[in-house]
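When the letters of the sequence shown are read in order and numbered with numbering that gives the first Met the number 0, they come out as residues 0 to 64.
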Amino acid sequence: MSTPPVAYVIAGSEATGGAGFQVDLKTYQQLGVYGVGTLSCIVAFDPSNSWGHRFHPIPRDIIEE
Numbered sequence: 000m001s002t003p004p005v006a007y008v009i010a011g012s013e014a015t016g017g018a019g020f021q022v023d024l025k026t027y028q029q030l031g032v033y034g035v036g037t038l039s040c041i042v043a044f045d046p047s048n049s050w051g052h053r054f055h056p057i058p059r060d061i062i063e064e
C-alpha cells in the first residue's frame with residue numbers, strides 16, 4: 000500500500016460545513032490526498048440577525064501551541 004500525498008490547509012471553520020476547512024478536507028479526500036491543517040478562525044451564524052456571519056479568530060498563541 001502506497002502512502003498518499005499530504006496537503007496542509009490553513010482556513011476557517013464554517014458552521015454549515017459548506018465552506019472553509021471542512022470542504023478543503025473533503026476535497027482532498029476525493030482527490031486521494033491526506034489533508035491536515037490549522038484552523039485560523041471559527042465562523043458563526045446569528046439567526047437573530049438574518050443569519051449574519053460572525054468571525055472569531057483563533058488567538059495566535061493557541062495556534063502556536
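The beta carbon of each residue, even a glycine, is placed where N, CA and C say it ideally should be.
Treat the numbers as computed from the prediction; the structure is a model and nothing was measured.
Sixteen is the threshold: since fewer than 16 other Cβ atoms of the shown chains lie within 10 Å of the Cβ of F44, the residue is exposed. Cβ neighbours of I62 within its own chain (closer than 7 Å, five residues either side excluded): T37. Residue pairing by DSSP places T37 opposite I9 in a beta bridge. The count of Cβ pairs closer than 8 Å, one atom from the segment 2 to 12 and one from the segment 25 to 33, reaches three, so the stretches are in contact.
Between V35 and F54, the CB-CB gap reaches or exceeds 8 Å.
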